[in-house]
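Enquirer: Quick note: the sequence shown uses UniProt numbering, first residue 1, plus one each step. C-beta atoms are modelled at their ideal positions from N, C-alpha and C, and glycine is treated no differently. A single structure is presented below for examination.
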Amino acid sequence: MIVALTITKFRGFTIPFAFVGMAVLRLPLWLNKSCRFWKLMGSGKDARVDLAPDYKHWAVLTTWDNRNDCDGFYRDSFVLKWFGFFGVESFTILLKPLSSHGLWSAVEPFKFDKISNVHTGKIAVITRAAIKFNKLKEFRQNIKRAADAMRTAPGFILSAGIGENPFFDQATFSVWADAESMKNYAYKSFDHSDVIKLTREREWYREELFARFSIIDSWGTLNGVSVEL
């Protein structure tokens, strides 16, 4: 399986077309029978993990059985042409799932080979949570310190905050130098490990997912920085 994530920055005066795209681009994605799973999403401020929404940055996540189907989508699809026409900057990364636990919109989106998932080198992570309405305040009070700790953690390379809506459905995409760096942050960093503990004790989420990936390819820029992974 190939997982593709594109984050595009829209020009200020074209932001209304980003909102329109979140509605009309669902149809071509739904009609594409080669696309196994897709999400159109907004992002946090400056495409970072941030509670404030950013109306300039938008994302599309898709999954494919093979590279040919993925390449065909990026070459010919109306979705990417829409993003490209109105966008001023774009970053794309292609991933191969190594492991995935949990659900996203009641499905398991990332299929992986349980036998050959050993990997060394840079690793990407997607965490996603659907937050309960009555737990939103607690979540927002605690998540910022975990995000701040991530940006200063050893081995951290980049991150982006994305999600179907800016309050109740949030995902974090991050890239790390290696799996050990990611694990040290996740389980040994006080702020993040404490937040994990609170999510279990306080039952913040009605649905959650954690997935790890190897990096196949990447291109483009994110916040003005050329990203080559």
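From the DSSP output, in three-state form, read off Ser218 for me.
Expert: DSSP places Ser218 in strand when its eight states are reduced to three.
Enquirer: Is it the case that the segment 102-118 contacts the segment 5-22, given that we only count it when at least three CB pairs across the two stretches are under 8 Å?
Expert: At 8 Å Cβ cutoff, the stretches do not touch.
Enquirer: Does DSSP classify Thr120 as helix, strand or coil?
Expert: Reduced to three states, the DSSP call for Thr120 is coil.
Enquirer: Return the CA-CA distance between Leu209 and Met22, expressed in angstroms with no decimal places.
Expert: Taking the straight line joining both Cα atoms gives about 23 Å.
Enquirer: Please classify Thr221 as buried or exposed, where buried requires at least 16 other C-beta atoms within 10 Å of its C-beta.
Expert: Thr221 comes out exposed.
Enquirer: Can you name the residues that DSSP bridges to Ile162?
Expert: For Ile162, which the question treats as bridged, DSSP gives the partners Ser43, Ala171.
Enquirer: Under a three-way DSSP split, which group does Pro154 fall into?
Expert: Coil, per DSSP.
Enquirer: Just to confirm, are Phe37 and Val107 a CB contact at a threshold of 8 Å?
Expert: Yes, Cβ-Cβ distance for Phe37 and Val107 is below 8 Å.
Enquirer: Should Thr62 be labelled buried (16 or more other beta-carbon atoms within 10 Å of its own) or exposed?
Expert: The residue in question, Thr62, is buried, as its Cβ has 16 or more Cβ neighbours within 10 Å.
Enquirer: Is it true that the segment 149-161 meets the segment 178-197, where meeting means three or more beta-carbon pairs spaced less than 8 Å apart?
Expert: Contact holds: three or more Cβ-Cβ distances are below 8 Å.
Enquirer: So if DSSP puts Leu84 in a beta bridge, which residue, or which two residues, is it bridged to?
Expert: A quick correction: the sequence has Gly, not Leu, at residue 84. Answer by DSSP bridge pairing: none, since Gly84 is not bridged.
Enquirer: Within a Cβ cutoff of 6 Å, which residues of the same chain sit near Tyr55, ignoring the five residues on either side of it in sequence?
Expert: Excluding sequence neighbours, Tyr55 sits near Ile15.
Enquirer: Do you know offhand how far Ile123's Cα is from Ser100's?
Expert: Roughly 13 Å separates the two Cα atoms.
Enquirer: CB Gly163 to CB Gly87, shorter than 8 Å?
Expert: Going by C-beta atoms, Gly163 is not nearer than 8 Å to Gly87.
Enquirer: Let's test the definition: count the other Cβ atoms within 10 Å of the Cβ of Leu5 and tell me whether it reaches 16, buried, or not, exposed.
Expert: Leu5 is buried by the Cβ-count criterion.
Enquirer: How far does the beta strand (DSSP E) with Pro53 in it extend, from its first residue to its last?
Expert: Counting along the chain, the beta strand (DSSP E) containing Pro53 begins and ends at 53-64.
Enquirer: Does DSSP put Ala211 in a helix, a strand or coil?
Expert: In this structure, Ala211 counts as strand in the three-state DSSP scheme.
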